[in-house]
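These notes are about the structure you will find just below.
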Amino acid sequence: MSITGALILFSVTWFMVFFCVLPVRFQAQADRGEVTPGTPASAPENAMIGKKARITTLIAAVIFALLYLVINSGSITIDNMDVFHVMG
Numbered sequence: 883m884s885i886t887g888a889l890i891l892f893s894v895t896w897f898m899v900f901f902c903v904l905p906v907r908f909q910a911q912a913d914r915g916e917v918t919p920g921t922p923a924s925a926p927e928n929a930m931i932g933k934k935a936r937i938t939t940l941i942a943a944v945i946f947a948l949l950y951l952v953i954n955s956g957s958i959t960i961d962n963m964d965v966f967h968v969m970g
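If you use the working numbering, the sequence shown corresponds to residues 883 to 970, in order.
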């Protein structure tokens with residue numbers, strides 16, 4: 883795997899994990915009963931983006947390492963995915 887491929891794989895993994903981590907422990911302003919004027923009631927009270935980004939980085943690093951090992955081991959190749967024998 884090239885460096886570019888590894889960076890793309892890590893980026894995609896990071897964003898997928900980030901979108902899964904974002905709603906964890908979410909509290910809307912309406913839930914707390916303190917809606918700031920000019921913001922929607924569904925806006926987060928405290929988004930904790932920095933903390934969630936650090937958690938995401940740790941989880942994504944583990945998932946990336948597993949994916950990297952599987953891809954570079956050669957146990958799964960494009961021939962395994964060619965169900966209809968189109969690749970010849």
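Here a beta-carbon is modelled for each residue, glycine too, at the ideal position from N, C-alpha and C.
Counting along the chain, M883 sits inside no alpha helix (DSSP H), nor does DSSP assign it H or E at all.
Here DSSP, grouped into helix, strand and coil, assigns A923 to coil.
In this structure, the CA atom of L951 is about 23 Å from the CA atom of R936. Note that the region 956-967 does not touch the region 918-925; fewer than 3 beta-carbon pairs, one per stretch, sit closer than 8 Å. In this structure, V899 places its C-beta atom within 8 Å of the C-beta atom of I945.
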